[in-house]
């Protein structure tokens, strides 16, 4: 089973550039999440989705956008990259509310 | 004050030792608790999932919850070098999950 797949694994962006981080899951989970992980800070929720067509903001949504057109895919968009967005980004999915999440292996993003 | 706190470590132990990893939390609304293991350059993977106070055992791993003290623990018996990783505690709250910053564990052969 592939589980949760994230692409790319690494990326370097210049300030002001835009990019989309891809996430797809093959477990037919309704819930999907985007987190960023910074050293010593734990995982912070950026956006989440409870099903296709439904998204909502998490704790740190500024500078990001998401869409959920299918159950499988949940891309994260950075429109104007800033150095503060340098981080490791994780996508996760779960079958329902309060259920354990399954994580991808992350995208390491550097903004220079 | 962070909602979930952990000592970041690093914690180094010899192979075969019993390891105790701990989290404290401040929000009484937390009902469920999870422990995740994260290897370097990998995503977190679920180790244990507990709801009530008391102990839950799974192989070499035991999760303990003390809601009166707002304290959760993960014990690893007969620790192995393959247990070297960062351990995150987490609790769901509404649509969100609150994660601790993680404790980095090294088990030395």
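Protein chains in written order, with this note's numbering: chain A, 1 to 112; chain B, 1001 to 1109. Where a beta carbon is used, it is the ideal one built from N, C-alpha and C, also for glycine.
In the three-state reduction of the DSSP assignment, residue 1082(B) falls in the helix class, which pools H, G and I.
With the criterion set as a beta carbon lying under 8 Å from some beta carbon of chain A, the segment 1062 to 1076 of chain B has no members that meet it. When Cβ pairs closer than 8 Å are counted between the two stretches, the segment 1017 to 1026 of chain B is seen to touch the segment 1059 to 1077 of chain B, the count reaching three or more. Inter-residue distance for residue 1036(B) and residue 15(A) is about 33 Å (C-alpha atoms, whole angstroms). Those residues of the segment 1030 to 1059 of chain B placed with their C-beta closer than 9 Å to a C-beta in chain A are 1031, 1032, 1034, 1036, 1038, 1041, 1042, 1043, 1044, 1045, 1046, 1049, ordered along the chain. Straight through space, the alpha carbons of residue 1022(B) and residue 1100(B) are spaced by roughly 10 Å. With a minimum length of 3 residues, the unbroken runs of beta strand (DSSP E) contained wholly in the segment 3 to 63 of chain A fall at 4 to 7, 10 to 13, 19 to 25, 31 to 38, 42 to 51, 54 to 57.
The residues 20, 65, in chain order, have a CB closer than 6 Å to that of residue 77(A) in the same chain once the five nearest residues on each side in sequence are set aside.
Residues 68 of the same chain have their beta carbon placed closer than 8 Å to that of residue 54(A), with the five preceding and five following residues left out of the count. Setting aside the 5 residues that flank it on each side, residue 1049(B) is surrounded in the same chain by 1034, each with a C-beta closer than 6 Å to its C-beta; the list follows chain order. Cβ neighbours of residue 1084(B) within its own chain (closer than 7 Å, five residues either side excluded): 1105, 1106, 1107.
When 9 Å is used as the limit between beta carbons, residue 22(A) is near no residue of chain B, the shortest such separation being about 15 Å.
Between residue 56(A) and residue 1092(B), the CB-CB gap reaches or exceeds 8 Å. Residue 74(A) is outside the set of residues whose beta carbon lies under 8 Å from a beta carbon in chain B.
The residue among 1067(B), 1061(B), 1102(B), 1053(B) with its C-alpha nearest the C-alpha of residue 1028(B) is 1067(B). The count of Cβ pairs closer than 8 Å, one atom from the segment 1053 to 1072 of chain B and one from the segment 76 to 92 of chain A, stays below three, leaving the stretches out of contact. For residue 100(A), the nearest beta carbon of chain B is closer than 8 Å to its own beta carbon.
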